[in-house]
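What follows is a short report on a single structure.
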Ligand SMILES: Cc1ncc(COP(=O)(O)O)c(C=O)c1O
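Residue numbers (UniProt numbering): 1 to 394.
Right under this line is the structure:
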């Protein structure tokens, strides 16, 4: 993001802002697609940044939609329902029923548990639809099913005539850094798929989340290039075995995002120079950052004619009432003034949902007070957050 743009539009940035460079985004997607060739389809895991769904619709094959909040975003934006893979560790009966009643076999579903499988079957019977389902295989976490559960579903498949298994869903974990693991994963997944009873493996595919990493910090070892190369090579070999849809979030969108925040106050404690900005750590999130121990990718944009040429050591703090709200610790800057801007880069993924509360467009919890005299008193209803996480021209 160039400084000139910010300086020319200073009045727009009275409040902190995210800027998503959609040109950079679509260029990047074209580049990824070039590497994938015909070896794999591309799925965007929209949890990484729900604002970009509509922009990405023409450029990707499918969306991994991980909650009903995310599903509402897609519905409201008029996303082509045939592009949706309805995933997520928690799917309740009433939500599943509503979606199946309305969209039936147009969308693809994932079953992450035996209960999901049963709920999908019940809905398919009730609404007379044949549903396409990926069975999610756990990589050791709470997400997905064990091999034994998946095998038992397949063994009893004749009892579920209205569910059609289309393949295996597998996510390796985000920010993966071990390049040799892609080939190994495919080998194991292929073996597993072929072992499944009563299924024709030639009709199955993999929905595979490779967790490609982003190199956020200058001081860290770099992984982006080795991991992408390893993935593309593994996919080329895999193309001869089973079709794959590559499910990516962070790697697709991180680099298109920038966060602009303004310096609102400065102070000096002996040699310590402190700037307070109008944003903070609740709005900028770098995976692997801990208590500002690492330096994130950022620029200082001066708004005053240079007064001092020598650099000073600055600590850049946010506006939260916590000592941990430090965005950058001890960085060398010169000519720092109130009204200057900081631009943080690589914040396109997992930042815009402004802290964990808006992540995945889940509803905010209700709040109760408790006292012995009054018992439980509700002081806030549950709040839908999905309208906050979608782009609409203002
Ligand atoms: C099932 C699934 N697929 C894809 C992703 C996206 O991961 P990443 O942003 O590392 O690409 C996630 C992230 O949590 C996920 O849970």
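The C-beta atom is built at its ideal place from N, Cα and C for all residues, glycine as well.
So, is residue 25 buried or exposed, given that buried needs 16 or more other C-beta atoms within 10 angstroms? buried
Would you mind sorting residue 383 into buried or exposed? The rule is 16 or more other CB atoms within 10 Å of its CB. exposed
By DSSP's criteria, residue 358 is part of a beta bridge. Which residues make up the other side? Paired residues: none, contrary to the question.
Whole-angstrom C-beta distance between residue 166 and residue 108, which should lie under 8 Å: 7 Å
Could you check whether the segment 201-208 touches the segment 152-163, counting it as contact only if at least three pairs of C-beta atoms, one from each stretch, sit closer than 8 Å? Note that the segment 201-208 does not touch the segment 152-163; fewer than 3 beta-carbon pairs, one per stretch, sit closer than 8 Å.
Measuring CB atoms only, is the segment 277-296 touching the segment 322-336, in the sense that at least three cross pairs come out at less than 8 Å? Yes, since at least three Cβ pairs between the segment 277-296 and the segment 322-336 fall closer than 8 Å, the two stretches touch.
Is the closest heavy atom of ligand 1 to the C-beta of residue 87 under 7 Å? Indeed, a heavy atom of ligand 1 lies less than 7 Å from the Cβ.
Distance cut-off 7 Å: residue 180 Cβ against heavy atoms of ligand 1: no
Closest to residue 125 by CA distance: which of 92, 159 and 147 is it? 159
Helix or strand or just coil, what does DSSP make of residue 145? DSSP places residue 145 in the strand class (E or B) of the three-state scheme.
Are the beta-carbon atoms of residue 162 and residue 111 separated by less than 8 Å? no
Taking DSSP as the reference, what is the three-state secondary structure of residue 231? helix
Alpha carbon to alpha carbon, how far is residue 78 from residue 372? 49 Å
Which term fits residue 88, buried or exposed, when burial requires 16 or more other beta carbons within 10 angstroms of its beta carbon? buried
Within this structure, are the beta carbons of residue 50 and residue 285 separated by less than 8 Å? no
Proximity winner among 8, 18 and 11, relative to residue 346 (alpha-carbon distances): 18
Closer than 5 Å between the C-beta and any heavy atom of ligand 1: which residues qualify, listed along the chain? So the residues near ligand 1 by this Cβ test are 45, 48, 171, 174, 209, 211, 247, 248, 249 and 250.
Looking at the structure shown, is residue 130 part of a helix, part of a strand, or coil, going by DSSP? Three-state DSSP puts residue 130 in coil, outside helix and strand.
In this structure, does DSSP put residue 109 in helix, strand or coil? Residue 109 falls in the strand class under three-state DSSP.
With a CB to CB cut of under 6 Å and the five nearest residues on each side skipped, what residues in its chain are close to residue 103? 81
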